[in-house]
Each structure stands twice: as C-alpha cells, then as structure tokens.
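Trainee:
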C-alpha cells in the first residue's frame, strides 16, 4: 500500500490560512491598514467599491519596501517583527504573524506599488490566486499602494456567504473605527464608491472620538485615568443617562491594539450596577498600557483576543477606576482617598511566600485577677449606654401587641364563565398586576400568571406578520416629529431595512448626516419613545441577523415586536390588562414569545393548598 500523507501545495495552504485571517472585505481593510500603521505612515487613505467586493485600496506614505521585500511580503510567515519565539512577548506593533498578505493574495487579485525614499524607482507586483503575474519597476511616490480586486474570485462558496453591501460596509466601518481610534496621530480617510465617509485629522483621543461619532457624544463622556504598578488605564466612559439599547460605542485597546474582552466588559457593567436604565449599555473607550511580557496576543489569528497574566486583579482595577470616575461627577457616591501618583498594588505570584500574621499576646494576663477585669466584665454599663439601650427598646415597643392583618382582595364574581386557552376564568372580574411585571388571572385550576412584556411581544409580532402578508401597516402619527442622529453603522443598517419597517407602521424619513425624522410609529405600540424603539429595533435585528435560516421579514417583525412592546415597570389599569389577555389568547401561539420564551404559567390549586398545610 502506498503512502497517503503528503504536503499541501502553498496555494492550497494559503487558501486555508485565508479562511482564518480573511473572512470578509472588512478583514482585508483591517490587515492592510495595520500594515500601513506599522510602516510609519502619517496618512492612510482607504478606497472601497461595492462594500469591498470589487475593490479595497489602501494607500499610505510610510517607509515603503525594496524590490526584494515587496516580493517576500507575499510569502507565508514572512515578517520583519519576529526573529525567535521570545519576541512574541515583546510586541508593540500591529502585524507580526506574516499571514495577511499571503492570505489576501490567495483569494484575490492583488496589485502593489511601493517605493522607499532612498530609491529612484519603486516596484510593481501583480499577484492573482498566489501566482505572480507580473513584477517590474514603476515610478511611484514613497509609501505603498495596495489594490485588492475581486475578493474570493477563486473561492465562490465563500463569496456567496458574503452579506449585503450595506452589511459588509458596516463591518468595514467597524474595522476602520478601531484602527482610527487607536492611532489618533495618523490622518485617516475612508471613501465608498467615490463618496467620502470619514476624513479624520490628527488629534487627541477625545477629538478623535468626537470626529468619528459626532459632536453630540462630547457631552456624554467622562474621563478615566488610573495609573498602577500593574497596568495604566485611560480613556472615557459614558454617562448613565446617555446609555443606549444597542452596542456600537464600546471599545477596549491594549498598547494601541483593539481587543475583545467579555470579562473586562462585565467589570464595567458591574461598576454601573443600579445606575443604568434597564437593558442599556454605556459607551466606553478604554485604553490599557501594559507590559508586553504580561499579555499574550498570539492566541487568535485575527489578534483581537488577548490574554492577560493577572486578569482578576485588572478586573478589580477597572471596576474601581470606573466607579471613581463616576463618583467625581457625582453620579455615584465617592470617597476621596487622595491617591496621587502610581498606586502600588501587590500581586501574589505562584512562588510568593506568604508569612502568617504575628499576633501579640499578653502572657501575664490573668482572667481571675479582679484588678485586670475590664469595666465591661464587671457588669457595669455606663449611663450613656443605658440611655441608648432604653431608646432602642422603645423603638420596638408596641409591635408585640399588634395582630397581623390579612389583605382581602375583592373580586367580582359571576356565574357566567368563559373558556380561554383551555382555562376557565371569571368573565366579569378584575385582573391584578404583580410588581408591574406579571398579570394575575384567577382560573378554575388555580392562578394564571402572564408575563406582560412577552405577551405584548407575541401580540405585536403576529400583528406585524399579518401586516407583512397584506403589505399594509397602521401608523400612528406623532404630534411632534422627532429627529434622531444615529451612528454611521446604525444609520447604514436602518437604511437597509427602512422600506420593510415602514410597511409595518413606521413613518421615517432620512434627512442626511446619519439623521432621520420619525413622523409616526406603529399603532398599538406600548413604547412611547421613538428613539428607544429605533435603538431596540436595531439591536434586536443585529442579534437576529446571525440566524441565517430565518426570513428577513420575520427577523424585522420579531425585532420590531421587541422594540414596540410595553416594558416591565409600567402600571396597567384593569382595561389594559383585559385587552392584553383577550388579544393574547386570540393569537395563534399564545403560550410562547417570538423568542420561544414562556408567556403563561399556572400555579395549580393543589400546590396552593399544600402551602397552607
């Protein structure tokens, strides 16, 4: 039997690597922009066509490359950043793995024009599907000019999985924002189909944030600055009252590199505990400066997941820093510890020897010696203490004589019964609301509990589904139209689905500059805040976008139902509760919300009787 193990050709190996590094056009923008940053550029220009499917062009004024380096840059694992393994723990540059250009060249047509300042002529290289088509001298300015055309032309299955242009453009904008926020000293510009989206001058962190997210965010930000012996934390966090229902303004950077870190995100959310509006996320732009020896950035091909040496200690520092910043602005109570300079936080390492505490003991103490007994041991209580004791006793006087009183709930009873959802309940009676969250309905078998928000979601969802089928939604016009300014990503997503949500009852008009005017909202909506409805709608749709099996219109209907349903905490009168119950049991699926969560629970009479035995 012949041998069956063989080495993959370089072209195939590069395509496999491309699947890890280059997932979509935004990945190309990320990798080429990071290379441009590492080249010492002061200006980086990005041109996009058809959301990167047709063209991604990145132009920089960096050092440029020699003829040999330009050719070597497309070889797999070729890098100027690493010579041996120990260099992995001293990295402060963006790129270092040496896979980006080789991966891009394996699944696209790539052209490169590059020149160093000391060279008279530059180098032109054309590579398609890992094959070098042409290499020749060219007259070009200093720096590098990458053109990536026809992405995934030789991997049609991958190209078919790309999303719509608006979605892919949103992903590109996300990557652009991460690079621009971490390198404020560089001029960045982004163009899509010839239209300028961003033109960012060199600035400080706050100015860069404002240039990207708009002037309105300036009043929202609180400065964070903490310097410790373990890590330095700086940046800005958002005020609780400006927290939004959607993600999009949450960024972590370590040593000027963007990272994802759910554990540290929980630290920030914990610091905001009990001061955030329900189901909202605050903005934050947090910059860490850490010793490269204490972090590992080589655990994921895209280098966005980073491991810290002592994450638990950093978690505590983050939480304390956020609370301190909030306290300085009187958002939460603060304590002034007068901590100036670097805070030295001791860290227990594996080999640290922990000495037990020393306890001083009076060896000469004799408990049977009357002279050594304390004042309290002799049973003497000072007069002031006696007075305090008497006052405390008065506080509880009278309670022992009070009789507990049961609250009698008055229920109107009628012999006429109506059967709904398989349960008999009194037709002409009051409903009860518990904690402004549950509707209580007495039924023949016990007590029915209905989740008011989920019930209204189910009602609105089936209403929207019917509107989709009939292509007609009822809109309720607002007395005062409301103008909302969105982030570029959210505005792009809203424009993608605006026709569908207008058919469901919204009356929205785009007025440019990432702003829309809301003239009307769906009828029977339980949410009276158009801004909140749009934010929840967009966030829910982002979540549902991940489900490729779900129809787009069903995703929109589910997202809009979540956004327009009444919230927990809203007090309902008896007629409103009756209307919800009636409409719920008129639905095709009254027992579960559009997300599949239970709406109804029945507390059986047998279980109630057991509790009183």
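In this note's numbering, the protein residues as written are 73 to 685.
Virtual Cβ for every residue (Gly too), placed ideally from N, Cα, C.
Small disclaimer: the values here were computed from a predicted structure and weren't measured.
Could you please give the first and the last residue of the uninterrupted beta strand (DSSP E) stretch that includes residue 673?
Mentor: Segment 672–676, the beta strand (DSSP E) holding residue 673.
Trainee: Figure out for me which residue from 231, 516 and 663 has the closest Cα to the Cα of residue 522.
Mentor: The residue with the shortest Cα to Cα distance from residue 522 is 663.
Trainee: In this structure, what does DSSP give as the bridge partners for residue 117?
Mentor: Looking at the DSSP assignment, residue 117 forms a beta bridge with 131 and 261.
Trainee: Would you mind working out which of 389, 311, 633 and 285 sits nearest residue 533, comparing C-alpha positions?
Mentor: Of the listed residues, the one whose Cα sits closest to residue 533 is 633.
Trainee: Between the region 213–226 and the region 129–139, are three or more C-beta pairs nearer than 8 angstroms?
Mentor: Short answer: they touch.
Trainee: Across the region 300–314 and the region 347–362, are there enough close Cβ pairs to call them in contact, namely three or more that are closer than 8 angstroms?
Mentor: A contact exists between the region 300–314 and the region 347–362.
Trainee: Please name the residue in 337, 115 and 510 whose C-alpha comes closest to that of residue 520.
Mentor: Taking only the C-alpha atoms, the option nearest residue 520 is 510.
Trainee: For a test of the three-state rule: what should DSSP assign to residue 391, helix, strand or coil?
Mentor: It is helical.
Trainee: Give every residue of the same chain whose Cβ lies closer than 6 angstroms to the Cβ of residue 562, excluding the five residues on either side of it in the sequence, and list them in chain order.
Mentor: Excluding residues within five positions, the ones whose Cβ falls inside 6 angstroms are 610.
Trainee: Which two residues bound the contiguous alpha helix (DSSP H) that contains residue 100?
Mentor: Start and end: 97–110.
Trainee: Would you mind listing the beta strand (DSSP E) stretches within the region 193–230 that are 3+ residues and don't spill past its ends, in chain order?
Mentor: With a minimum length of 3 residues, the continuous beta strand (DSSP E) runs that stay inside the region 193–230 are 194–200, 203–210 and 215–221.
Trainee: Write down the C-beta distance between residue 294 and residue 253 rounded to the nearest angstrom, noting that I regard them as a contact closer than 8 angstroms.
Mentor: Their Cβ separation, rounded to whole angstroms, is 17 angstroms, which puts residue 294 and residue 253 out of contact at 8 angstroms.
Trainee: So the candidates are 568, 226 and 139; which of them puts its Cα closest to the Cα of residue 190?
Mentor: Here the closest residue by C-alpha is 139.
Trainee: Which residues in the same chain as residue 211 place their Cβ atom closer than 8 angstroms to its Cβ, once the five residues preceding and following it in sequence are excluded?
Mentor: For residue 211, where only same-chain residues beyond five positions count, the Cβ hits under 8 angstroms are 193 and 194.
Trainee: Per DSSP, what kind of secondary structure is residue 331 in: helix, strand or coil?
Mentor: Strand.
Trainee: Quick one: residues in its chain with C-beta nearer than 7 angstroms to the C-beta of residue 320, no 5 flanking neighbours on either side, listed in chain order?
Mentor: Only 559, 561 and 562 meet the Cβ criterion.
Trainee: Going by DSSP, what residue range makes up the beta strand (DSSP E) through residue 506?
Mentor: Taken as a continuous stretch (DSSP letters only), the beta strand (DSSP E) holding residue 506 covers 504–506.
Trainee: Which word fits residue 335, buried or exposed, when buried means at least 16 other C-beta atoms lie within 10 angstroms of its C-beta?
Mentor: The residue in question, residue 335, is exposed, as its Cβ has fewer than 16 Cβ neighbours within 10 Å.
Trainee: Taking Cβ positions, are residue 242 and residue 565 nearer each other than 8 angstroms?
Mentor: The answer is yes: Cβ separation under 8 angstroms.
Trainee: Please report the straight-line C-alpha distance between residue 398 and residue 106, rounded to a whole angstrom.
Mentor: Cα to Cα, the separation comes out at about 34 angstroms.
Trainee: According to DSSP, simplified to helix, strand and coil, what is residue 309?
Mentor: Residue state, collapsed to three classes: strand.
Trainee: Of all the options 645, 556, 642 and 622, which has the alpha carbon lying nearest to the alpha carbon of residue 604?
Mentor: Among 645, 556, 642 and 622, the Cα nearest to that of residue 604 belongs to 556.
Trainee: Going by alpha carbons, who is nearest to residue 303 out of 354, 124 and 393?
Mentor: Closest by alpha carbon: 393.
Trainee: Using three-state DSSP, classify residue 247 as helix, strand or coil.
Mentor: DSSP places residue 247 in helix when its eight states are reduced to three.
Trainee: How close, in whole Å, do the beta carbons of residue 386 and residue 347 come, if the pair is a contact with beta carbons under 8 angstroms?
Mentor: Not a contact, Cβ separation roughly 22 angstroms.
Trainee: Per DSSP, what are the beta-bridge partners of residue 593 in this structure?
Mentor: Bridge partners of residue 593: 548.
Trainee: Kindly indicate the opening and closing residues of the alpha helix (DSSP H) around residue 612.
Mentor: Note, residue 612: alpha helix (DSSP H), 602–616.
Trainee: What does a CB cutoff of less than 6 angstroms around residue 492 pick up in its chain, not counting 5 residues either side in sequence?
Mentor: Only weak support exists for where residue 492 lies, its pLDDT of 46 falling under 50; the value from the coordinates is given anyway. Answer for residue 492: 657, listed in chain order.
Trainee: Tell me which residue opens and which closes the beta strand (DSSP E) that residue 184 is part of.
Mentor: Element bounds for residue 184: 181–187.
Trainee: Between the C-alpha atoms of residue 315 and residue 350, what's the straight-line distance to the nearest angstrom?
Mentor: Using only the alpha carbons, I get a separation of about 10 angstroms.
Trainee: Rounded C-beta distance between residue 362 and residue 327? I'm assuming under 8 angstroms.
Mentor: Contact holds; Cβ gap of about 6 angstroms.
Trainee: Verify the contact flag: residue 552, CB atom, against every heavy atom of the ligand MG, threshold strictly below 7 angstroms.
Mentor: Judged by which ligands are present, the structure shown has none, so any question about the ligand MG falls away.
Trainee: Does the beta-carbon distance from residue 629 to residue 537 come in below 8 angstroms?
Mentor: The answer is yes: Cβ separation under 8 angstroms.
Trainee: So, helix, strand or coil for residue 683, using DSSP?
Mentor: Correct three-state label for residue 683: helix.
Trainee: Can you list, in chain order, the residues of its chain with a C-beta nearer than 6 angstroms to that of residue 354? Leave out the 5 residues immediately preceding and following it.
Mentor: The residues are 310, 315 and 344.
Trainee: Using the three-state DSSP reduction, which class does residue 513 fall into: helix, strand or coil?
Mentor: Residue 513 falls in the strand class under three-state DSSP.
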